[in-house]
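Novice: Below are the structure tokens for one structure; questions will follow.
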Amino acid sequence: MSLELILFILFGTVAAVSGILMITRSNVIIAALFLILNLGSLAGLYLLLNAQFIAVVQVIVYAGAIMVLFLFVIMLLKPEQERLVSKIIGFKTFSFAVTALVFIQLAYLIFFSHPGSSIKPDVAASINAGTVGTIGRELYTNYILPFEAAGYLLLAATIGAVVLAKKKFQ
Amino acid sequence: MPIPIEYFLVLSAFMFITGVAGVLTRRNAIVVFMSVELMLNSANLTLVTFSSYLGNPVGQLFVFFVMTVAAAEAAVGLAIIIALFRNKLTMNIDEINILKW
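Protein chains in written order, with the working numbering: chain B, 9 to 178; chain X, 44 to 144.
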């Protein structure tokens, strides 16, 4: 077994298990901490895929900024312990069964269509695609308009968040 | 890259399905929100996987924009949750039904 495969199994297992633990814990803070673990292991997977820039941005933006926002809101509002039994009998079993079925379909499709046979991975191109230089050049030349639009989106979101959280609406 | 691309895709599908199950089964608004973040991240993993295996940086650019939108969504969504909590003093989405008629 190569080192890459061992690292993939390690990070992949951590990502999958922490995802499951996130949706099954009744304590919201513990769920948020498991989501941070999940996002961190995803950053490891991005590094494994030679996407250095995205891995760093994942840690800074997701595991850093967004999850801190979540934790702040959780600790400000102090939500009550959630009762994990649903009012509708069997709804939980039904939804888990449906999602398991969809997952089996997806896995079957992925292995059946076998995309690896038509994609010939080029390691040099892959490493080159993930660097800050390549992404920055694309971002500031071909994708300058979406980049500016993203800036306006963030500005609008900031203003919207302040307005929504500030005043009481009836 | 000796890892088959299918492994990454199946892991991504599994994370997406976990997020869907979280949205369906949980009743706490913040946990539902975090499950949506999980689904966004699984889509990101697929994009980065294909971008890396095809050697094309555009997929990773798209992930960058998805992260921007996710940050905006988190800010506005959490503000909405705070505003709702002020009015109803609950985060249970079964009791938040002011848009129902």
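C-beta: ideal position from N, C-alpha, C; glycine also.
Just so you know, these numbers come straight off a predicted model, no measurement behind them.
(1) With 16 other CB atoms within 10 Å as the buried threshold, where does glycine 52 of chain B fall?
(2) Count Cβ pairs between the region 150 to 170 of chain B and the region 77 to 85 of chain B that sit closer than 8 Å; are there 3 or more?
(3) Taking only beta-carbon positions, decide if glycine 52 of chain B is within less than 9 Å of chain X.
(4) By how many angstroms is the C-alpha of leucine 81 of chain X removed from the C-alpha of serine 34 of chain B?
(5) Secondary structure at asparagine 46 of chain B, three-state DSSP: helix, strand or coil?
(6) Applying a beta-carbon distance threshold of less than 7 Å, which residues of chain X neighbour valine 69 of chain B?
(7) When the Cα of glutamate 49 of chain X is compared with those of X/Arg70, X/Gly102 and X/Tyr96, which residue comes out closest?
(8) Do valine 74 of chain X and alanine 73 of chain B have their CB atoms nearer than 9 Å?
(9) Taking one C-beta from the region 113 to 125 of chain X and one from the region 140 to 157 of chain B each time, how about it: are there three or more such pairs within less than 8 Å?
(10) Quick one: is glycine 104 of chain X near chain B, going by C-beta distance under 9 Å?
(11) Using beta-carbon positions only, say whether serine 134 of chain B and glycine 102 of chain X come within less than 9 Å of one another.
Specialist: Result, derived from the coordinates:
(1) Start at 1 with the first residue of the first sequence, and residue 52 of chain B comes out as number 44. Buried is the call here.
(2) no
(3) What you label residue 52 of chain B is simply residue 44 of the first sequence in a count that begins at 1. No, glycine 52 of chain B lies away from the interface with chain X (no Cβ there is under 9 Å from its Cβ).
(4) The residue labelled residue 34 of chain B in the question sits at position 26 within the first sequence. The residue labelled residue 81 of chain X in the question sits at position 38 within the second sequence. Taking the straight line joining both Cα atoms gives about 17 Å.
(5) Taking the first residue of the first sequence as position 1, residue 46 of chain B is located at position 38. Helix, per DSSP.
(6) By one-based count along the first sequence, residue 69 of chain B stands at place 61. Simply Met110 and Ala114.
(7) Working through the second sequence from its first residue, we reach residue 49 of chain X at position 6. Checked all of X/Arg70, X/Gly102 and X/Tyr96; the closest Cα to glutamate 49 of chain X is X/Tyr96.
(8) Locating residue 74 of chain X in the second sequence gives position 31, counting from the first residue. Locating residue 73 of chain B in the first sequence gives position 65, counting from the first residue. Contact: no.
(9) no
(10) Translated into positions along the second sequence, residue 104 of chain X becomes position 61. It is leucine, not glycine, that sits at residue 104 of chain X in the sequence shown. Judged by the 9 Å Cβ criterion, leucine 104 of chain X is in contact with chain B.
(11) Indexing the first sequence from 1 puts residue 134 of chain B at position 126. Indexing the second sequence from 1 puts residue 102 of chain X at position 59. Result no, Cβ atoms of serine 134 of chain B and glycine 102 of chain X do not sit closer than 9 Å.
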